[in-house]
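K.L.:
Before I ask anything, here is the structure I am working with.
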Amino acid sequence: MNIVVCVKQVPDTATERKLRSDDKTLDRDAADGVVNELDEYAVEEALRLKEAHGGEVTVLSMGPAKATETIRKALAMGADKAVHLHDDALHGSDALGTSHAIAQALKKIGFDLVILGSESTDARTGMLAAMLAERLGAPQLTLASKVEVEGTSIRIERVTDYGYDKVEASLPAVVSVVEKINEPRYPSFKGIMAAKKKPVETLGVADAEISADQVGLANSWSEVVEFAAAPPRAAGTVIKDEGDGGVKAAEFLASKKFI
Amino acid sequence: MSEILVLVEHVDGDVKKVTLELLTLARSLGAPAAVWAGPGYSDAAKAKLAEYGAEKIYVAAADEIADYVVAPKAEVLAHLVAERSPAAVFVAATGEGKEIAGRLAIKTDSGVISDAVGVGEGFIAEQSIFGGGVNVRSRVTKGTPIITVRPNSTAPVAAPAAGAEEKVEVALSDSARAAKIVERVVQEKGARPELTEAAIVVSGGRGVGSGENFAIIEKLADALGAAVGASRAATDAGWYPHQFQVGQTGKTVSPQLYIAAGISGAIQHRAGMQTSKTIVVINKDPEAPLFEIADFGVVGDLFQVVPQLTEEIEKRK
């Protein structure tokens, strides 16, 4: 089975994240880049499926030069090879542009299964997997908490508000995973050393046959009008429990008409 | 006034609260037209949508719309966008809502804005990003603005309108039938409201200490008619089911009141609740970062404070 797992480098959420004042895009230099957390679950799921069914795991990441750090981490976990979609023309692409670029790269690479994290911690649109399914005409098997493959059939459990749906489709398909699905492995020392020798192919806009008028900030379908740091919340009252903390809290709730 | 399509969220034939919020919001910017997709439409649903301002109700009631993941609903909306040229489309920013919006954006070659906490003149959307640290105003520049709106962003206000019904027949494409839902598994949730929709959420974290101890969180939630949430520490420890996790890798909630007990407030958690209107924090550690965003905080043992609060609420009922 030919599995492509999409990973994204995002700014570490433990550090202060900013938008750039010049073009209002994410300032990727202001914070340390880390692998988007849910993508580690996607890599883990890809590796487990490969271990069970054979095949190959290819990492695909779109991002600037330093996204190679994230690619190396996914390779160190055990993926076989990687494709880095990297071109200045891609900078500032919105969800539509990004999905076009990644869909084109996926067509170029070829796949039986594409696996993504269900959301990134930076843009948090939660749309990319659905958009890829739309663009590729492939079944959308998203928000999966369980994935099973048998031959060319695939079955997932899709998390819903009321529980989950059991969903069936045929490969090739697009899967996104939620955190519940597995426990990602840590790269071993051997894995980290081996990752340095694994092939990483770089694709640009022309290589992947991406339409230049569909990507980049200038071609986005939406724009940031303005942004500002959120005003700090007005300082509240913090009391020490002297045996009546619960009563005091109730009085506060009553003053706000919650009770 | 031009039409604004509002995709109706419904469960077991009941219109969900977020839809009433979206209708209320749409009314301030145009003429709301509700779009019902899937089975379960009834006179009660029609009455509810009309009560909250739906001038029109488009009904695509074919059973098969609900038989496949997401794509059929996007096709219904795309059909209406092409036929009716609405001024905008509003969809609830739920997991599925965002996916529908994403597919619709591609089908209609339109921009999409995710997780708005408000929408103003010119369909300029307000978003709260980076775990609530930055406020952004953004707008769609191509096609029909498609905006997903976070539940609890607007208080639903009734304003009766005609609710003129119009049946919609959409022939689903083969690719919309690619991911078939073969079974729906409903997990026990009791009488509590749904986490992302609830006006009040009571969450427990590491300080709760065990799965059994979550009973005191549930009791407080039930006294308030609230939903129960949990921090990642609590769900990772297996004390509470994953689908109740509030935070960066879980649900984003924006209730009127958020009560956090035994949660220190790492960014992982704050990212999922920072836009709550009123925040109450109970934690024995006075240095817990969540106190910084609390409207009211109690430094104390949650095993004392929470039951006392529950008892006091019951007393005042």
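Residue numbers (my numbering), protein chains in the order written: chain A, 1 to 259; chain B, 1001 to 1317.
Quick reminder that beta carbons are idealized off the backbone N, C-alpha and C, glycines included.
Note that this is a predicted model, so its numbers are computed, not measured.
Skipping 5 residues on each side, what residues in its chain have a beta carbon closer than 7 Å to that of Leu-1172 of chain B?
P.N.:
For the purposes of this step, residue 1172 of chain B is taken as residue 172 along the second sequence, with counting starting at 1. Answer for Leu-1172 of chain B: Glu-1064, Pro-1072, Glu-1075, listed in chain order.
K.L.:
Identify the contact partners of Gly-163 of chain A in chain B, using a Cβ-Cβ distance below 7 Å as the criterion.
P.N.:
Locating residue 163 of chain A in the first sequence gives position 163, counting from the first residue. Those are Val-1185, Val-1186, Gln-1187, listed as they occur along chain B.
K.L.:
Buried or exposed for Ala-1332 of chain B, please, with buried defined as at least 16 other CB atoms from any protein chain shown within 10 angstroms of its CB.
P.N.:
Residue 1332 of chain B is absent from the structure shown; chain B starts at 1001 and stops at 1317.
K.L.:
If we ignore side chains and look at the alpha-carbon of each, how far apart do Glu-1194 of chain B and Val-43 of chain A end up?
P.N.:
For the purposes of this step, residue 1194 of chain B is taken as the residue at position 194 of the second sequence. For the purposes of this step, residue 43 of chain A is taken as the residue at position 43 of the first sequence. Roughly 31 Å between the two C-alpha positions.
K.L.:
Nearest to Ile-1263 of chain B by alpha carbon, out of B:Pro-1156, B:Asn-1152, B:Thr-1235, B:Gln-1256?
P.N.:
Here the question's residue 1263 of chain B lines up with position 263 in the second sequence. With distances taken between Cα atoms, Ile-1263 of chain B lies closest to B:Thr-1235.
K.L.:
Can the beta-carbon of Ile-192 of chain A be found less than 8 Å from the beta-carbon of Ala-76 of chain A?
P.N.:
The sequence position of residue 192 of chain A within the first sequence is 192, counting from 1. The sequence position of residue 76 of chain A within the first sequence is 76, counting from 1. For Ile-192 of chain A and Ala-76 of chain A, yes; Cβs fall inside 8 Å.
K.L.:
Leu-1257 of chain B by DSSP, collapsed to three states: which one?
P.N.:
Reading the second sequence from its first residue, position 257 is the one you call residue 1257 of chain B. Note: Leu-1257 of chain B maps to strand in three-state DSSP.
K.L.:
Please name the residues in the region 1073-1099 of chain B whose beta-carbon is closer than 8 Å to at least one beta-carbon of chain A, in chain order.
P.N.:
Here the close residues are Ala-1074, Thr-1094, Gly-1095, Glu-1096, Lys-1098, Glu-1099.
K.L.:
Anything in chain A within Cβ reach of Thr-1141 of chain B, meaning under 9 Å, just list it in chain order.
P.N.:
In the second sequence, residue 1141 of chain B corresponds to position 141, counting from 1. By Cβ distance, chain A contributes Ser-220, Trp-221, Ser-222, Glu-223.
K.L.:
Using a Cβ-Cβ cut-off of less than 7 Å, give me the residues of the region 159-186 of chain A that come near chain B, in sequence order.
P.N.:
The residues in question are Val-159, Asp-161, Tyr-162, Gly-163, Tyr-164, Asp-165, Lys-166, Val-167, Glu-168, Ala-169, Glu-179, Lys-180.
K.L.:
Since Ile-1216 of chain B meets chain A, which of its residues come closer than 8 Å, beta carbon to beta carbon?
P.N.:
Residue mapping note: residue 1216 of chain B aligns to position 216 of the second sequence, counting from 1. Near Ile-1216 of chain B there are no residues of chain A at all, since even the closest Cβ is about 11 Å away, more than 8 Å.
K.L.:
Using 8 Å as the limit for Cβ to Cβ distance, is Gly-1340 of chain B near chain A?
P.N.:
There is simply no residue 1340 of chain B to check, as chain B begins at 1001 and stops at 1317 in what is shown.
K.L.:
Which ranges does the alpha helix (DSSP H) cover as unbroken runs of at least 4 residues, wholly within the region 1150-1231 of chain B, from first to last along the chain?
P.N.:
With a minimum length of 4 residues, the continuous alpha helix (DSSP H) runs that stay inside the region 1150-1231 of chain B are 1214-1224.
K.L.:
Going by Cα to Cα distance, which pick from A:Tyr-164, A:Lys-146, A:Asn-36, A:Asp-165 is closest to Ser-120 of chain A?
P.N.:
For the purposes of this step, residue 120 of chain A is taken as the residue at position 120 of the first sequence. Per the Cα distances, A:Asn-36.
K.L.:
Could you name the residues of the same chain whose beta carbon sits closer than 6 Å to that of Lys-18 of chain A, not counting the 5 residues immediately before and after it, in chain order?
P.N.:
On the first sequence, position 18 is the one that residue 18 of chain A refers to. Answer for Lys-18 of chain A: Asp-27, Ala-30, listed in chain order.
K.L.:
If you run the structure through DSSP and keep just helix, strand and coil, what is Asn-324 of chain A?
P.N.:
For chain A, the structure presents residues 1 to 259; residue 324 of chain A sits outside this window and is missing.
K.L.:
Enumerated in chain order, which unbroken segments of the beta strand (DSSP E) with a length of 3 residues or greater are wholly contained in the region 1099-1129 of chain B?
P.N.:
Entirely contained in the region 1099-1129 of chain B, the beta strand (DSSP E) runs reaching 3 residues are, in chain order, 1112-1116, 1118-1120, 1124-1129.
K.L.:
Does DSSP classify Ala-1294 of chain B as helix, strand or coil?
P.N.:
As a first step, residue 1294 of chain B must be located in the second sequence, where it is residue number 294. DSSP places Ala-1294 of chain B in coil when its eight states are reduced to three.
K.L.:
Does chain C have any CB closer than 8 Å to the CB of Thr-1024 of chain B?
P.N.:
Among the protein chains in the structure shown, which are A and B, there is no chain C.
K.L.:
In chain B, what lies closer than 8 Å to Met-62 of chain A by C-beta?
P.N.:
Residue numbering aside, residue 62 of chain A sits at position 62 when the first sequence is read from its first letter. Residues of chain B passing the Cβ test: none, with the nearest at roughly 17 Å.
K.L.:
Give the residues of chain B in contact with Ala-229 of chain A, contact being defined as C-beta atoms less than 9 Å apart.
P.N.:
As a first step, residue 229 of chain A is located in the first sequence; it is residue number 229 there, counting from the start. Chain B residues near Ala-229 of chain A: Gly-1133, Val-1134, Asn-1135.
K.L.:
Of the choices A:Arg-72, A:Leu-141, A:Glu-150, whose alpha-carbon is the least far from that of Pro-187 of chain A?
P.N.:
Taking the first sequence and counting its residues from 1, one reaches residue 187 of chain A at position 187. Closest option to Pro-187 of chain A, Cα to Cα, is A:Arg-72.
K.L.:
Counting only Cβ pairs nearer than 7 Å, list the residues of chain A close to Leu-1309 of chain B.
P.N.:
Here the question's residue 1309 of chain B lines up with position 309 in the second sequence. Result: Gly-246, Ala-249, Ala-250.
K.L.:
State the DSSP-derived secondary structure class of Arg-17 of chain A, mapped to helix, strand or coil.
P.N.:
As a first step, residue 17 of chain A is located in the first sequence; it is residue number 17 there, counting from the start. The answer is coil: DSSP assigns Arg-17 of chain A none of H, G, I, E or B.
K.L.:
By Cβ distance below 6 Å, which residues in the same chain neighbour Val-1112 of chain B in space, the five residues on each side in sequence not counted?
P.N.:
Against the second sequence, residue 1112 of chain B aligns to sequence position 112. Ala-1101, Ala-1105, Ile-1146, listed in sequence order.
K.L.:
With contact counted as at least three CB pairs below 8 Å, one residue from each stretch, are the region 1033-1041 of chain B and the region 1074-1091 of chain B in contact?
P.N.:
Result yes; three or more Cβ-Cβ pairs closer than 8 Å.
K.L.:
So for Asp-90 of chain A, helix, strand or coil by DSSP?
P.N.:
Reading the first sequence from its first residue, position 90 is the one you call residue 90 of chain A. At residue 90 of chain A the sequence reads Leu, which differs from the Asp that was named. In the structure shown, Leu-90 of chain A sits in a helix (DSSP, three-state: H, G or I).
K.L.:
So Tyr-186 of chain A is in the beta strand (DSSP E); what residue range does that whole segment cover?
P.N.:
Within the first sequence, residue 186 of chain A is the residue found at index 186, counting from 1. No beta strand (DSSP E) holds Tyr-186 of chain A; DSSP gives it neither H nor E.
K.L.:
On the premise that Gly-1053 of chain B lies in contact with Ala-1161 of chain B, defined as a C-beta separation below 8 Å, what is that separation, rounded to the nearest angstrom?
P.N.:
What you label residue 1161 of chain B is simply residue 161 of the second sequence in a count that begins at 1. What you label residue 1053 of chain B is simply residue 53 of the second sequence in a count that begins at 1. Correct: roughly 5 Å between the Cβ atoms.
K.L.:
On the DSSP letters alone, give me the boundaries of the alpha helix (DSSP H) that Arg-1139 of chain B sits inside.
P.N.:
What you label residue 1139 of chain B is simply residue 139 of the second sequence in a count that begins at 1. Here Arg-1139 of chain B belongs to no alpha helix (DSSP H); instead the beta strand (DSSP E) covers 1134-1140.
K.L.:
What is the DSSP secondary structure of Ser-62 of chain A, counted as helix, strand or coil?
P.N.:
Taking the first sequence and counting its residues from 1, the one referred to as residue 62 of chain A is at position 62. Rather than Ser, the amino acid found at residue 62 of chain A in this sequence is Met. If DSSP states are grouped into helix, strand and coil, Met-62 of chain A belongs with the strands.
K.L.:
Cα separation between Pro-199 of chain A and Ser-222 of chain A?
P.N.:
Here residue 199 of chain A refers to the residue found at position 199 of the first sequence. Here residue 222 of chain A refers to the residue found at position 222 of the first sequence. The alpha-carbon atoms of Pro-199 of chain A and Ser-222 of chain A are separated by roughly 36 Å.
K.L.:
In the DSSP output, what is Tyr-41 of chain A paired with across the bridge?
P.N.:
By one-based count along the first sequence, residue 41 of chain A stands at place 41. According to DSSP, Tyr-41 of chain A bridges with nothing at all.
K.L.:
How is Pro-11 of chain A classed by DSSP in three states: helix, strand or coil?
P.N.:
As a working note, residue 11 of chain A is residue 11 in the first sequence. Pro-11 of chain A falls in the strand class under three-state DSSP.
K.L.:
Write down the C-beta distance between Val-1253 of chain B and Leu-1224 of chain B rounded to the nearest angstrom, noting that I regard them as a contact closer than 8 Å.
P.N.:
Translated into positions along the second sequence, residue 1253 of chain B becomes position 253. Translated into positions along the second sequence, residue 1224 of chain B becomes position 224. Contact doesn't hold; Cβ gap of about 14 Å is too wide.
K.L.:
Could you have a look at Gln-1248 of chain B and say whether DSSP puts it in helix, strand or coil?
P.N.:
Indexing the second sequence from 1 puts residue 1248 of chain B at position 248. Reduced to three states, the DSSP call for Gln-1248 of chain B is coil.
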